[in-house]
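Chemist:
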Amino acid sequence: MNPILTLLATLTAFGLFLGQLNLCAAFPQRSAFGNEDVNKYLANPQYVEQQIDCVLDRGNCDPIGRNLKG
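With mature numbering (1 follows the signal peptide of the UniProt record, and there is no 0) applied, the sequence shown covers -26 to -1, 1 to 44.
1. So, with DSSP's three-state summary, where would you put N41?
2. With distances taken from CA atoms, which of L30, L16, Y15 and V22 is nearest L(-22)?
3. Provide the residue span of the alpha helix (DSSP H) that contains D27, from first to last.
4. Using the three-state DSSP reduction, which class does D36 fall into: helix, strand or coil?
5. With distances taken between CB atoms, is the gap from Q25 to G39 smaller than 7 Å?
6. Apply the 10 Å Cβ neighbour rule to L16 and answer buried if 16 or more other Cβ atoms are within range, or exposed otherwise.
Dropping the structure here:
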């Protein structure tokens, strides 16, 4: 795949991931984690990469990743 397309796909997936986390923070009663957890997840580059790989069908998905793909 073209490196530029790969970068654009990754950035798009990351933007969707951040949007999903922001949505979860806005509606904590519907979320599986609170605001503190969102910051913890975003501070973990391995976790963020795992979620991006999940959304791009390049890796395994946990429940949050499956929700992002939803």
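We put the CB at the ideal spot given by N, CA and C, even for glycine.
Computed from a prediction, not measured in an experiment: that's the story for all the values here.
Modeler: On the basis of the supplied data:
1. helix
2. L30
3. P19 to V29
4. coil
5. yes
6. exposed
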